[in-house]
Amino acid sequence: MITCTLRYIIDPYKLAEFEHYGRLWIPLVERFGGRHHGYFLPSEGANNIALAMFTFPSLAAYETYRQQSLQDAECLAAFRYAEETRCILSYERSFFRPVFGDSSSAAG
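In this text, residue positions in the sequence shown follow the UniProt record's numbering: the first is 1, and each later residue adds one.
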């Protein structure tokens, strides 16, 4: 199991647009076999940092999702929305192995 964490630098004046972008992606990730843990928007502290986290069964499953998303009309529309609104200034992607409170988080 692998969790992708995205750290975004966003335009704080386009928070509504970024929130819409996040709402577009949650069902898309799940349609491709991932489990989305949500988008986390600024509240206190920095007003231009946002996070997103989603989990796939393996890095190979994540890579399949990435390849398929580049061919999917809804995913391409979501990418275009971010480009057109310019709500995302930059982002970085990191991968983690999650540990949950049950035995489903076996190392691997």
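In this text, a Cβ means the ideal position worked out from N, Cα and C, and glycines have one as well.
Option nearest residue i by Cα separation, candidates the options
i	options	result
H37	K14, T3, F18	T3
E17	C75, I88, A60	I88
L59	F95, L15, P12, Y21	F95
N48	R31, Y13, R97, R86	Y13
Q68	E30, F100, V99, R86	E30
H20	D72, A61, R86	R86
Residue i - containing alpha helix (DSSP H), residue span
i	result
E74	73 to 85
Y62	59 to 69
F100	That residue, F100, is in no alpha helix (DSSP H); it is neither H nor E in DSSP.
F18	15 to 31
Continuous beta strand (DSSP E) stretch holding residue i: start and end
i	result
E44	Unbroken run through E44: none, as it is neither H nor E.
F96	88 to 96
M53	49 to 56
Cα-Cα separation, residue i to residue j
i	j	result
R93	T55	13 Å
A46	G34	29 Å
A78	L70	11 Å
R80	L24	12 Å
residue 112	A82	The first residue shown for the chain is 1 and the last is 108, placing residue 112 beyond what the model contains.
E44	D11	16 Å
F100	G22	24 Å
residue 129	P57	The question about residue 129 has no answer, for the chain in this structure spans 1 to 108.
E76	A61	Reading off the sequence, residue 76 comes out as Leu, not Glu. Computed Cα separation, rounded: 19 Å.
Beta-carbon separation (whole angstroms), residue i vs residue j, contact threshold 8 Å
i	j	result
Y91	I9	7 Å
E84	L28	Wrong, their Cβ atoms sit about 17 Å apart, outside the cutoff.
L41	L6	About 13 Å separates the two Cβ atoms, so there is no contact after all.
Y39	A52	5 Å
Minimum Cβ-Cβ distance from residue i to chain C less than 9 Å
i	result
R31	The chain inventory of the structure shown lacks chain C, comprising one protein chain alone.
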